[in-house]
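Accompanying notes for the structure given below.
Protein chains: 2
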Amino acid sequence: MNGDDDPDACIVARVFLSRVIEPGDEIGGRWLREFGLGEVVLRLRERGEALPGVSAARWAGLVARAARAVPGRDLEVARHAGVRFVCPGDGEWPAQLDDLGDARPIGLWVRGRPSLRMWALRSVAVVGARACTEYGAHMAADLAAGLAERGWVVVSGGAYGVDGAAHRGALGAGGATVAVLACGVDRPYPRGHTELITRIAEQGLVVGELPPGDHPTPSRFILRNRVIAALTRGTVVVEAAYRSGSLVTARAAQRLGRFTMGVPGPATSALSAGVHELLRGDAVLVTDPAEVVELVGDIGELAPARRGPVLPRDLLEPAARRVLAALPGHRVAAPREIARGAQTTQDEVIARLYELRALGYVERHGDGWKLTRQAMISVRGGPGPR
Amino acid sequence: MNGDDDPDACIVARVFLSRVIEPGDEIGGRWLREFGLGEVVLRLRERGEALPGVSAARWAGLVARAARAVPGRDLEVARHAGVRFVCPGDGEWPAQLDDLGDARPIGLWVRGRPSLRMWALRSVAVVGARACTEYGAHMAADLAAGLAERGWVVVSGGAYGVDGAAHRGALGAGGATVAVLACGVDRPYPRGHTELITRIAEQGLVVGELPPGDHPTPSRFILRNRVIAALTRGTVVVEAAYRSGSLVTARAAQRLGRFTMGVPGPATSALSAGVHELLRGDAVLVTDPAEVVELVGDIGELAPARRGPVLPRDLLEPAARRVLAALPGHRVAAPREIARGAQTTQDEVIARLYELRALGYVERHGDGWKLTRQAMISVRGGPGPR
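Residue numbers (numbering that gives the first Met the number 0), protein chains in the order written: chain A, 0 to 385; chain B, 0 to 385.
Structural data, given as structure tokens:
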């Protein structure tokens, strides 16, 4: 289990570390950068010389955790729960997480069909207060539905309140949504969202840094937020009191150079006070999905001339190619019709459509999907499976 | 009535022109700048050669208006109504109106005790929708009261809705407020605000560009807004729909380099849509009086070292000196107590206190007033009437 060369060994090493090092631990990140994966694993496993930057007691604690880690079993449990492990070097790893530097996740546990990397390409975070008002829930659902209808993936934290409303809004619009949890992804939290999180795993993605069965803690909630911020092009805060965790996400987004947006509310509402504080800084006020897309689509969109597919058709995954082949030539088709053509399920079709959207092959029109002009040109002009 | 030399003739000439030239008419402003007051009056009165930039028909219309103008009678009517005429060159003329360039008012008709020039020095406009919501009225009153309590003068348009709430908020806090009307100041508009506007004239100032008896028109409302913007250090828009007149005030403030602020509201409220549009631009989001003062007090405040009185005590008007002399040495006093000491009315005391505040002599603490530290030092150190 050296892990620096062999990709499989690398995965096992990172699964092991995800049991030992807490999410967002920058000292651990520095060890990986300075000593390499193999050496860090070796020292922890073999009770070797302490790595720098931690007290003897802390090192002993890590070594004790290492002694209990059984990565093979974690991978086995995950596999049974339909969970995969995605880490740096993997084709599904979202490169933008590297912006977190030493706080980059060791790896992510992922539940759901779509490619996390593809989906994250055109994604926006919609976050906010757990104890939100009706207004906050309405705005979150409305923004998420509108983003989904415009082909954007809605990322949130799976919590009560704004997060839940955002996920539901995206799902309700037949859209794409990702829940980033602060616990093992096989262990929905909060319990009251078990059904919602299960639905997200079926229709979208549930991801998290923590290994199967691990539980959330206050610091894990806070550190989870940096993943939401880093994964997405921008973060919209819908309602947040002063000192709310959502502001942590927004500030992380700002530090990472992502767009930070806020939905205004009454100046008399304590649940908008945190948002207004953001808006008095560099965050941009948004009131509808079009304003969000106007902002995040801006530098994010490829230049007009290059808006077509960025990945040649024959490099697409077979499942994505099948969905692409099932799209009619010049008209909009509903996911149900495409699913019939591709002989698969609607959830599978939606997963692939948002991937193809991120790659410039398709666009969403109302409830249906259509090949982009550039995709049609590339069908006629270039090579491809059709 | 040449008006270029003799101050009294100058006043009569400008009173005459305020009957002939519409508020904000930049062509008229250019005439004054290029030809001089006397020449413009002469040509209009004597049906002389048309001045440049207007059609023959328009010139004929102006000449016809000129023939009906009787400035002496206007001044007489005004005097009877307790209205004075303040124009460039006058000691009460607020110099910041000169920022309007050729759209600078010909002069202002003023009702009320205080010095318009002094009061305007530390003033903020609070404007917004006539058909505002309860929330809008609440915020306007709350901001105005808070500004008044911090020694700031609240300027607005005297209209229903936000304007009225702002004036009432300031008056209710024993504060200073100025209504800028789009009609003759002897002719309160809207009629339903007769009582309010009368109260403002007693406790504060009612000003306007139009001569006695003149009525408002849609374009006069719009052009009145530039005076509100120019007079104040900044404009706060409380509620405004798209294309609201308050946005005209805000944009004028922006063009004039004044601070532009907006109070957020629910993204679902049509009456906040115009404000949110402003806030997506350069306007600053504000939710309470402290945030307004933080902004407008910033460059506006004199540097700390010079925060004391800017006008030597013996150059103060006698009425202001009497009020200053009635303030106790080291403690806060209520306007009622100061009025007893100065042997005058409470309204008169409030008028002078806000002037003295603008000059750095006094500061407001809760419902009372106190000499500033710098004023006390200048009492001990320098010459003065005490």
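We put the beta carbon where it would ideally sit given N, CA and C, even for glycine. Just so you know, these numbers come straight off a predicted model, no measurement behind them.
Nearest-angstrom Cα separation, counted from residue j out to residue i
i         : j         : result
Asp5(B)   : Gly90(B)  : 15 Å
Glu238(A) : Gly264(A) : 8 Å
Phe220(B) : Gln373(A) : 52 Å
Ala8(B)   : Tyr241(B) : 45 Å
Asp366(A) : Ser114(A) : 22 Å
Thr176(B) : Pro288(A) : 40 Å
Leu74(B)  : Ser268(A) : 51 Å
Gly256(B) : Asp313(A) : 58 Å
Val184(B) : Trp118(B) : 18 Å
Trp24(B)  : Gly207(B) : Per the sequence presented here, residue 24(B) reads as Asp, with Trp not at that position. Distance between the alpha carbons of Asp24(B) and Gly207(B) is about 15 Å.
Asp97(B)  : Ala172(B) : 31 Å
Tyr134(A) : Val262(A) : 11 Å
Glu21(B)  : Val62(B)  : 13 Å
Val348(A) : Ala249(B) : 50 Å
Gly280(B) : Gly273(B) : 11 Å
Ala266(B) : Thr286(A) : 5 Å
Ala178(B) : Gly157(B) : 5 Å
Ala389(B) : Val19(B)  : With chain B covering only 0 through 385, there is no way to say anything about residue 389(B).
Arg121(B) : Gln253(A) : 36 Å
Val235(B) : Thr259(B) : 6 Å
Leu50(A)  : Gly296(B) : 53 Å
Leu142(B) : Gly168(B) : 8 Å
Ile26(A)  : Ser243(A) : 26 Å
Ala332(B) : Glu362(B) : 11 Å
Ala357(B) : His364(B) : 15 Å
Leu355(A) : Arg83(A)  : 21 Å
Pro70(A)  : Leu31(A)  : 18 Å
Thr343(A) : Ala325(A) : 11 Å
Gly52(A)  : Ala102(A) : 15 Å
Val388(A) : Gly106(A) : The structure shown does not extend to residue 388(A), since chain A is modelled only from 0 to 385, so the question has no answer here.
Thr197(B) : Leu170(B) : 12 Å
Identity of the residues DSSP links to residue i by a beta bridge
i         : result
Val125(A) : Val235(A)
Leu120(A) : None; Leu120(A) has no bridge partner.
Gly261(B) : Val236(B) and Leu284(B)
Val206(B) : Val109(B) and Val179(B)
Trp151(A) : Beta-bridge pairing links Trp151(A) to no other residue.
Glu362(A) : Lys369(A)
Phe84(B)  : Trp108(B)
Ala332(A) : Trp368(A)
Interface partners of residue i on chain B, CB under 9 Å
i         : result
Arg279(A) : Val283, Leu284, Val285, Thr286 and Glu290
Tyr134(A) : Pro265, Ala266 and Thr267
Interface residues of chain A facing residue i [CB-CB closer than 7 Å]
i         : result
Tyr360(B) : In chain order: nothing, as chain A lies at least about 32 Å away.
Met375(B) : Neighbours of Met375(B) on chain A: none; closest Cβ ~36 Å, over 7 Å.
Contacts of residue i in chain B (Cβ-Cβ under 8 Å)
i         : result
Ala324(A) : Chain B residues near Ala324(A): none, gap ~41 Å exceeds 8 Å.
Val262(A) : Ala266
His275(A) : Pro263, Leu284 and Thr286
Rounded distance between the beta-carbons of residue j and residue i, thought under 8 Å
i         : j         : result
Ala350(B) : Arg321(B) : The pair is not a contact, with the Cβ atoms about 12 Å apart (cut-off 8 Å).
Leu277(A) : Val154(A) : Contact flag wrong, Cβ pair sits at about 18 Å.
Ala68(A)  : Phe15(A)  : 5 Å
Leu36(B)  : Ala66(B)  : Wrong, their Cβ atoms sit about 19 Å apart, outside the cutoff.
Leu204(B) : Gly111(B) : 4 Å
Gly100(B) : Gly28(B)  : 7 Å
Pro93(B)  : Arg116(B) : 5 Å
Asp346(B) : Glu201(B) : 6 Å
Gly160(A) : Ala130(A) : 6 Å
Arg225(A) : Ala251(A) : 5 Å
Leu352(B) : Pro334(B) : 7 Å
Trp108(B) : Pro210(B) : 7 Å
Neighbour list for residue i in chain A, Cβ cutoff strictly below 8 Å
i         : result
Met138(B) : Ala266 and Thr267
Residue i CB to nearest heavy atom of the ligand MN below 7 Å
i        : result
Leu36(B) : The model depicted lacks the ligand MN and carries no ligand whatsoever.
Original post:
Between the stretch 156-168 of chain A and the stretch 124-134 of chain A, do three or more beta carbon pairs fall short of 8 Å?
Top reply: yes
Original post:
Contact between the stretch 208-219 of chain A and the stretch 178-196 of chain A: three or more CB pairs below 8 Å?
Top reply: yes
Original post:
Do the stretch 141-159 of chain A and the stretch 53-62 of chain A touch if we need at least three Cβ pairs shorter than 8 Å?
Top reply: no
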